[in-house]
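In the numbering used here, the protein residues as written are 42 to 387.
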C-alpha cells in the first residue's frame, strides 16, 4: 500500500457523481486494500422504525442471499430483515464485531449529516486495528461526499431530488435501464410473478386540484400538503427507486426493475395511500399518475412525453387514477404520436 494508491482511491470515490454507483465504488476501493470474503453496503429506508435494510452494492453479488434473510416482497429483490447486529450498529452508531458461521463479521455505520443512513457489513478474517481504521476513513469520505451530493441535488422543501438532478441524470438512467434489462436470466431464476421481463418505469404524479388547495387554505397549508405527500412517497417506494419533485405539485418516480403488473400495483398502492390519508386542515386529496416503460431505444424526451400523455388521460377521465401509456395504447384509448406533439398538463 502506497500513499499514491491511497490518494488514487480517494479520487476514484470523489469523481463519482451518481450516488447509486458511489456505494459500488466504495466497496471496490476497499477490495483493493482489505482481504474479505463478502462485503455488503446497505442503505436504510427513510422510515422512523424500519424493519428492513436495502442493499446498494455487494461483493460478491450473491452475498446477501448467502449471509442474511432476504425479504420476498411485492416487488424488489434487495431487502433483508434487520438482524440484531445491524440494529446494534445503528442504535449505537458504532462499529460492531461479531461472528457469522465461523467467520468474523464487522459492521460499520454510515453516518450522513449526523444520522445513520446505512451499514457496511463485512465478513472474513479478523481485521487488525490499521485495517479497521482504513475502512472507517474511506467510509467517512464516502459519507461526506454523499452529504455534498445531497445538498446540490435535493429540493429545499421536500428533500426529494430536484428537477435539475432529474434533467442531469435521466439520460444516464435510460442507458442504465438498457444495460439491466438486457441481462439474461440466471439458470433456474424465476421472477416474482413467473418468468416475465422486468423494466424500469417513469411515473409522473400530479396532485389533483392543488391550485384550489392553495387558493382555499393558503400556501402554508399547500406546503404542508407537499411535505406529507413526499413523506408518503418515501414510505411507498423502495430506497433504490428515484423520487423527484419536478416542480409545483408535480413529482416524478423512476421505478427500478419491475414487471408490468408489479409496476401498476406499486403506483396503485401509492394512489390508494394518498386517497386514504387525511391531510391536516385540507382533509382528503387525490393524485393522478401517468406511467410508462423506460425503453432504452427511445429518446429520453419521448419517454417523458409518453408518461405526460398517460397523465393527461388520467386528468381528463376523472382524476385519482393510474394510467399506463402502454395499456392505453393497447386498449385503443390513445394513439401513439411523435415527440414533437404538444401535451397540455393542468
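We put the CB at the ideal spot given by N, CA and C, even for glycine.
Bear in mind the structure is a predicted one, so any value in this text is a computation, not a measurement.
task = Enumerate in chain order the residues of its own chain whose CB-to-CB distance from residue 137 is below 6 Å, with the five nearest sequence positions on each side excluded.
result = Numbered from its first residue, the chain shown carries residue 137 at position 96. Once the five neighbours on either side are set aside, the close Cβ partners of residue 137 are 126, 129, 130 and 148.
message = To the nearest angstrom, how far is the alpha carbon of residue 145 from that of residue 283?
response = Residue 145 sits at position 104 when you count from the first residue of the chain shown. Residue 283 sits at position 242 when you count from the first residue of the chain shown. Computed Cα separation, rounded: 34 Å.
ask   = Going by the beta-carbon positions, is the gap between residue 327 and residue 264 smaller than 7 Å?
value = Walking along the chain shown from the start, residue 327 turns up at place 286. Walking along the chain shown from the start, residue 264 turns up at place 223. Residue 264 is positioned such that its CB atom lies no closer than 7 Å to that of residue 327.
query = Taking C-beta to C-beta, are residue 323 and residue 363 nearer than 7 Å?
reply = Taking the chain shown and counting its residues from 1, the one referred to as residue 323 is at position 282. Taking the chain shown and counting its residues from 1, the one referred to as residue 363 is at position 322. No; because the gap between Cβ atoms is not below 7 Å, this pair is not in contact.
query = Quick one, are the C-beta atoms of residue 182 and residue 54 less than 7 Å apart?
reply = Translated into positions along the chain shown, residue 182 becomes position 141. Translated into positions along the chain shown, residue 54 becomes position 13. Yes.
key: Nearest neighbour of residue 211, chosen from 370, 112 and 340 [CA to CA]   = Counted from its first residue, the chain shown places residue 211 at position 170. The shortest C-alpha separation from residue 211 is found at 340.
request  = Decide if residue 122 is buried, meaning its Cβ has at least 16 other Cβ atoms within 10 Å, or exposed.
outcome  = What you label residue 122 is simply residue 81 of the chain shown in a count that begins at 1. In summary, residue 122 is exposed, with fewer than 16 beta-carbon neighbours lying within 10 Å of its beta-carbon over all protein chains present.
query = What's the C-alpha gap between residue 180 and residue 133?
reply = Within the chain shown, the letter at position 139 stands for residue 180. Within the chain shown, the letter at position 92 stands for residue 133. The alpha-carbon atoms of residue 180 and residue 133 are separated by roughly 17 Å.
ask   = DSSP beta-bridge partners for residue 334?
value = Reading the chain shown from its first residue, position 293 is the one you call residue 334. Note: residue 334 sits in a beta bridge opposite 242.
Cα-Cα separation, residue 72 to residue 106 = By one-based count along the chain shown, residue 72 stands at place 31. By one-based count along the chain shown, residue 106 stands at place 65. Each residue's Cα considered, the two are about 20 Å apart.
query = Can you pull the DSSP bridge partners for residue 178?
reply = Within the chain shown, the letter at position 137 stands for residue 178. According to DSSP, which records beta bridges pairwise, residue 178 is partnered with nothing at all.
key: Nearest residue (CA-CA) to residue 92, options 112, 347 and 79   = Here residue 92 is taken as the residue at index 51 of the chain shown, counted from 1. Proximity to residue 92 across 112, 347 and 79 peaks at 112, based on C-alpha coordinates.
task = To the nearest angstrom, report how far apart residue 99 and residue 108 are at their CA atoms.
result = Translated into the one-based positions of the chain shown, residue 99 becomes position 58. Translated into the one-based positions of the chain shown, residue 108 becomes position 67. Approximately 12 Å, taken between the alpha carbons.
message = Please report the straight-line C-alpha distance between residue 373 and residue 367, rounded to a whole angstrom.
response = The residue you call residue 373 lines up with position 332 of the chain shown. The residue you call residue 367 lines up with position 326 of the chain shown. About 10 Å.
request  = Per DSSP, which residues does residue 291 bridge with? Please list them.
outcome  = On the chain shown, residue 291 is found 250 positions in, with the first residue counted as 1. Answer by DSSP bridge pairing, in chain order: 247 and 288.
request  = For the alpha helix (DSSP H) containing residue 273, list its first residue and its last residue.
outcome  = Here residue 273 refers to the residue found at position 232 when the chain shown is read from its first residue. Where residue 273 is concerned, the enclosing alpha helix (DSSP H) stretches over 260 to 277.
inquiry  = Our contact map puts residue 299 next to residue 239 with C-beta atoms below 8 Å; I'd like the distance itself, whole angstroms only.
reply    = The sequence position of residue 299 within the chain shown is 258, counting from 1. The sequence position of residue 239 within the chain shown is 198, counting from 1. Right, the Cβ-Cβ distance comes to about 6 Å (below 8 Å), so this counts as a contact.
query = What's the gap between the Cα of residue 333 and the Cα of residue 165?
reply = By one-based count along the chain shown, residue 333 stands at place 292. By one-based count along the chain shown, residue 165 stands at place 124. Rounded to the nearest angstrom, the two C-alpha atoms are 43 Å apart.
ask   = How should residue 226 be labelled, buried or exposed, when 16 other C-beta atoms within 10 angstroms of its C-beta is the threshold for buried?
value = For this step, residue 226 is matched to residue 185 along the chain shown. Reliability of the predicted coordinates at residue 226 is poor, the pLDDT of 38 falling under 50, and no value is obtained from them.
inquiry  = I'd like the list of long-range same chain contacts for residue 356, defined as Cβ closer than 6 Å, with 5 residues on each side in sequence excluded.
reply    = Against the chain shown, residue 356 aligns to sequence position 315. These residues qualify, in order along the chain: 329.
task = Give me the Cβ distance between residue 293 and residue 241, rounded to the nearest whole Å; I'm assuming they're in contact under 8 Å.
result = Within the chain shown, numbered from 1, the residue matching residue 293 stands at position 252. Within the chain shown, numbered from 1, the residue matching residue 241 stands at position 200. Rounded, the Cβ-Cβ distance is 13 Å, inconsistent with contact.
ask   = How about residue 81 and residue 213: do their beta carbons lie closer than 7 Å?
value = The residue given as residue 81 occupies position 40 in the chain shown. The residue given as residue 213 occupies position 172 in the chain shown. Against a cut-off of 7 Å, the Cβ pair of residue 213 and residue 81 comes out as no contact.
key: When 278, 68, 204 and 51 are compared against residue 303, the one with the closest alpha-carbon   = Taking the chain shown and counting its residues from 1, the one referred to as residue 303 is at position 262. Nearest Cα to residue 303 within the set 278, 68, 204 and 51: 278.
query = Closest to residue 287 by CA distance: which of 275, 201, 216 and 188 is it?
reply = Working through the chain shown from its first residue, we reach residue 287 at position 246. Closest by alpha carbon: 201.
request  = Take residue 276 and list the residues in its own chain whose beta-carbon comes closer than 6 Å to its own, dropping the five residues that flank it on each side.
outcome  = Stepping through the chain shown from its first residue, residue 276 is reached at position 235. Answer for residue 276: no residue qualifies.
task = On the DSSP bridge assignment, give the partners of residue 299 in chain order.
result = The residue given as residue 299 occupies position 258 in the chain shown. For residue 299, which the question treats as bridged, DSSP gives the partners 240.
ask   = Is residue 261 buried or exposed, if buried means 16 or more other CB atoms sit within 10 Å of its CB?
value = Within the chain shown, numbered from 1, the residue matching residue 261 stands at position 220. So residue 261 ends up on the exposed side.
request  = Along the alpha helix (DSSP H) that carries residue 353, what are the first and last residues, could you check?
outcome  = Translated into the one-based positions of the chain shown, residue 353 becomes position 312. Segment 341 to 357, the alpha helix (DSSP H) holding residue 353.
message = Which same chain residues end up closer than 7 Å to residue 78 when comparing Cβ atoms and leaving out the 5 residues on each side of it in sequence?
response = As a working mapping, residue 78 is identified with position 37 in the chain shown. These residues qualify, in order along the chain: 144, 164 and 165.
message = So, with DSSP's three-state summary, where would you put residue 309?
response = Start at 1 with the first residue of the chain shown, and residue 309 comes out as number 268. In the displayed model, residue 309 falls within a helix according to three-state DSSP.
Element boundaries [beta strand (DSSP E), containing residue 84] = Position 43 of the chain shown, counted from the first residue, corresponds to residue 84. Going by DSSP, residue 84 is part of the beta strand (DSSP E) stretching over 79 to 84.
key: Identity of the residue in 370, 361 and 67 nearest residue 315 by Cα   = As a first step, residue 315 is located in the chain shown; it is residue number 274 there, counting from the start. Among 370, 361 and 67, the Cα nearest to that of residue 315 is on 361.
query = Going by C-alpha distance, which of 251, 101, 198 and 94 is nearest residue 325?
reply = Here the question's residue 325 lines up with position 284 in the chain shown. The shortest Cα separation from residue 325 among 251, 101, 198 and 94 belongs to 251.
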